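Note that our numbering has the sequence shown beginning at -12, numbered continuously upward.
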Amino acid sequence: MKIGIIGAGGVGQQLATDLVKLGHEAVIGTRDSSKLAEYKTKNPTVVIGSFADAAKQPDLIMLATNWGGTQNALELAGIENLAGKVVVDITNPLDFSTGKPALALGFTTSAGELIQSWLPNAHVVKALNIITANAMLTPKTYIGGEPDMFIAGNDTTAKKTVSSFLEGVGWGIVDLGDITQSRLLEPLAMIWITVGFQSNWTKVNHGFKLLNK
Ligand SMILES: NC(=O)c1ccc[n+]([C@@H]2O[C@H](COP(=O)([O-])OP(=O)(O)OC[C@H]3O[C@@H](n4cnc5c(N)ncnc54)[C@H](OP(=O)(O)O)[C@@H]3O)[C@@H](O)[C@H]2O)c1
């Protein structure tokens, strides 16, 4: 599959590296490809381009941008380029202004819902926002079994596409419902983030699982 990644931070880079290992084509979008020069030497098969390059051709889009720049990144990617596409929203709407990570919004809307409203003709599926980047495509590496991946989105077919892709790398999927359920998934990510923050980011390899007895 050809996968476009809008976002060239730690998440975008790790995803592209792991996607290529899985046999996919990966295109990372950024405003400044020069800053990925060293990454490119280590990952020669990953294509580095503009946000629009990551949006135009690929079969599946992964969105991994800083929350404050997300709307701008999508506009630079081209709202029309994303029409009809499945967009996996990995963002968390974080506010670091107090020095401590907090959610910038959440009771009456969510990043997932805002992104869906900015991309009215795309199919946004919230997923992967509750896990560290280096585990997003390697859930089988967890001690004690893989965590679950919770997803939310309005379009059933798009959720099937994302579910089968994630199941293919080993995730168990829990579908929470429509995109408004991002209001649950973004605070859930805050548990992951808070444990990481409290440990000065030495503890990031934790995930969540629904257990039954
Ligand atoms: N770190 C994790 O393990 C993890 C786990 C789950 C979810 N997340 C979420 O994933 C997202 C990405 O995180 P990250 O740490 O990889 O990267 P990040 O530093 O949060 O974001 C980097 C990307 O955001 C873009 N960006 C920033 N400001 C922009 C603006 N004004 N206009 C357009 N684009 C802008 C950058 O574009 P340029 O490349 O052009 O500079 C870059 O591609 C975040 O929402 C984060 O909360 C992270």
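Idealized CB from N, CA, C, for every residue including glycine. What you are looking at is a predicted structure, and each value in this text was computed from that prediction instead of being measured.
Inter-residue Cα distance where the pair is residue i and residue j
i	j	result
E62	G140	21 angstroms
D162	E25	38 angstroms
I166	G99	6 angstroms
L23	I35	8 angstroms
N30	H11	13 angstroms
S151	G(-6)	23 angstroms
V191	I118	8 angstroms
A64	P107	14 angstroms
L124	T4	10 angstroms
H193	N199	19 angstroms
Q168	F94	11 angstroms
G164	D142	10 angstroms
S20	G(-4)	12 angstroms
Any chain C beta carbon closer than 9 angstroms to residue i
i	result
G(-6)	The structure shown has no chain C; it contains just one protein chain.
Residues of its chain near residue i, where Cβ-Cβ distance is below 8 angstroms and the 5 sequence neighbours each way are ignored
i	result
I102	L50, T57, L61, V74, D76, T78 and V111
Contacting residues, own chain, Cβ-Cβ under 6 angstroms from residue i (five flanking each side not counted)
i	result
G155	none
G(-1)	I(-8), I15 and A51
G159	D135
Boundaries of the alpha helix (DSSP H) in which residue i is found, first to last residue
i	result
V182	S169 to Q185
V33	From DSSP, V33 is part of no alpha helix (DSSP H); its letter is neither H nor E.
S151	T143 to G155
F38	F38 to K43
N59	T57 to A64
Opposing strand residues paired with residue i [DSSP bridges]
i	result
M136	I160
K(-11)	E12
A89	D82
For residue j and residue i, believed in contact at Cβ under 8 angstroms, the rounded distance
i	j	result
K196	G157	About 13 angstroms separates the two Cβ atoms, so there is no contact after all.
F184	P80	About 16 angstroms; that fails the 8 angstroms criterion.
A114	I138	4 angstroms
R170	S104	That pair is no contact at about 14 angstroms.
K43	N68	5 angstroms
T32	V7	5 angstroms
Heavy atom of ligand 2 within 8 angstroms of residue i beta-carbon
i	result
L81	Absent from the structure shown: ligand 2. Ligands present: ligand 1.
Residue interval of the beta strand (DSSP E) (run including residue i)
i	result
V75	V73 to D76
I102	That residue, I102, is in no beta strand (DSSP E); its alpha helix (DSSP H) goes A98 to W105.
V111	H110 to K113
L50	L47 to L50
Other residues of its chain near residue i: CB distance less than 7 angstroms, five sequence neighbours each side excluded
i	result
P45	K(-11), I(-10), G(-9) and V14
N121	Q1
Y129	G194
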